[in-house]
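Reviewing the structure listed below.
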Amino acid sequence: MAIAVTPGALRLSLSCGLLLFGAQGWAADPTQPPALWLASAAASAAEGGTVGGPRLQTVLQPRQGGRPRAVIDGRLVSVGDRIGAARLVRLDEREAVLSGPGGESHLRLTPDVVKQPVAAPAHERKSTHHKEDQP
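Position 87 (the sequence shown) corresponds to 507 in my numbering; numbering is contiguous.
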């Protein structure tokens with residue numbers, strides 16, 4: 421069974437395809453931070469600061485024997501380096517500790533995440549009932 425394609429249907433299909441292809445340039449990038457965050461970050465950068473203080477972006481752990489390093493506010497730093505008026509004094513896979521005139525501050529990779537202990541699922545808990553207690 422052959423499908424007949426008329427010139428009008430072909431033109432319509434091509435027009436729709438080109439329209440969709442051209443619209444991709446206007447589509448928002450799903451990986452881009454929200455516009456409000458970008459605007460406040462740009463304003464803060466123009467003033468010479470960062471949004472809400474220094475921000476830990478990543479921690480690089482060496483494979484063997486090297487020193488761990490971190491990216492804080494876009495700068496690659498090691499323990500002992502200065503970030504503004506503070507000094508990086510400790511670094512692990514989840515946080516960086518800065519010591520400055522105001523004391524210590526902890527920069528976490530995921531500052532909004534608070535770890536909480538998880539209770540064991542019901543089927544894994546030890547039963548407190550004995551067989552003789554049941555009717």
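Here a beta-carbon is modelled for each residue, glycine too, at the ideal position from N, C-alpha and C.
From a predicted model like this one, the values you see are computed outputs, not experimental measurements.
Taken through DSSP and simplified to helix, strand or coil, Ala539 comes out as coil. Here Leu496 is bridged, per DSSP, to Val491. A Cβ-Cβ separation of about 5 Å places Leu508 in contact with Asp501 under the 8 Å criterion. In terms of CA proximity to Pro488, Ala516 leads the group Lys535, Ala516, Ala505 and Ile503.
Collapsing the DSSP output to three states places Arg431 in a helix.
Here Leu527 is near Pro474, since their CB atoms are less than 7 Å apart. Taking Ile503 as the centre and dropping the five residues before and after it, the same chain places the C-beta of Pro474, Ile492, Asp493, Arg495, Val497 and Leu518 closer than 8 Å to its C-beta, in chain order. Per DSSP, reduced to three states, the secondary structure at Ala505 is coil, with no helix or strand assignment.
According to the DSSP assignment, Gln477 belongs to the beta strand (DSSP E) that extends over Leu476 to Leu480.
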